[in-house]
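Residue numbers (UniProt numbering): 1 to 295. Where a beta carbon is used, it is the ideal one built from N, C-alpha and C, also for glycine. Accompanying notes for the structure given below.
What follows is the structure, given as structure tokens:
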């Protein structure tokens, strides 16, 4: 289905670094299963004439057209699918919002790496040191694998929580991500670049400090940087996180004059996305109606 041997990939801005390719290769080898079926290929095979994708033509138009050509099906963007409503059911949400209310506008970062990747202790130390060095306010959500008995105090550098004091809030398992990203005090999102998080960040106009971990996230991070709504915190040649680089990029995106272009571009993309409203969903409805009528 994807055989384009001899044809050069036309988008040099999207690529994998050597350590990312090695990681993907290792993951594929570890998950080998003779009964495994690629869900993406299965979905393509079962679909009729169209494929719905959570994205927008505004910033992925050329990729949408290329994929349509590649799979011989019409790729239809459905928009961000980000809900405006905020979940108010968790008891500690009010405490988080009160903490943010005390901070200056766009002075804080939200730090989350999704629900499917768990940082190693070494990675946590680099992130913690990066946040400490940045001198920027932060809310950091830490998650542990199910069944693993760990505490936040055990995995963070000794004295970290005391040193950052009121400048930082470290939470376990959950935080109201949409509410935090919409808050006036939030000026950056330290993100793994899972696609849903990228869409939320764009919807709410929060620039990204990109720290991709695995699977599609490195390529998502390249897109984020290419369209101008974020900056990637680069790893070393062995793929290790670097605390000084993390601090530097956080400061660039949130505070420094050099990040003004990213902040401005993110705001523009957000305004454009919000102005479109349900326009892309309306297009999806038209496609589905046409599909039903052609049965």
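Beta carbon of residue i nearer than 8 Å to that of residue j
| i | j | result |
| --- | --- | --- |
| residue 82 | residue 203 | yes |
| residue 172 | residue 142 | yes |
| residue 79 | residue 280 | yes |
| residue 126 | residue 243 | yes |
| residue 48 | residue 77 | no |
| residue 152 | residue 96 | no |
| residue 247 | residue 161 | no |
| residue 93 | residue 184 | no |
| residue 64 | residue 219 | no |
| residue 100 | residue 112 | no |
| residue 270 | residue 205 | yes |
| residue 227 | residue 59 | yes |
| residue 221 | residue 207 | no |
| residue 73 | residue 53 | no |
| residue 155 | residue 124 | yes |
| residue 27 | residue 192 | no |
| residue 252 | residue 259 | yes |
| residue 178 | residue 200 | yes |
Those residues which DSSP pairs with residue i across a bridge
| i | result |
| --- | --- |
| residue 169 | 139 |
| residue 210 | 191, 232 |
| residue 50 | 74 |
| residue 110 | 139, 189 |
Residue environment, residue i, which counts as buried when at least 16 other CB atoms sit within 10 Å
| i | result |
| --- | --- |
| residue 130 | buried |
| residue 210 | buried |
| residue 176 | buried |
| residue 40 | exposed |
| residue 121 | exposed |
| residue 145 | exposed |
| residue 1 | Reliability fails at residue 1, whose pLDDT of 49 lies under 50, so the model's placement of it is uncertain and no value is given. |
| residue 128 | buried |
| residue 224 | buried |
| residue 98 | exposed |
Rounded Cβ spacing between residue i and residue j (contact assumed at less than 8 Å)
| i | j | result |
| --- | --- | --- |
| residue 262 | residue 136 | The Cβ separation is near 15 Å, so there is no contact. |
| residue 10 | residue 66 | 7 Å |
Evaluate the contact criterion for the segment 159 to 171 versus the segment 183 to 200: three or more CB pairs, one atom per stretch, below 8 Å. no
With contact counted as at least three CB pairs below 8 Å, one residue from each stretch, are the segment 255 to 274 and the segment 34 to 48 in contact? no
Is the segment 223 to 232 touching the segment 111 to 121 in the sense that three or more CB pairs, one from each, lie closer than 8 Å? no
Can we say the segment 15 to 27 touches the segment 238 to 254, given the rule of at least three CB pairs closer than 8 Å? yes
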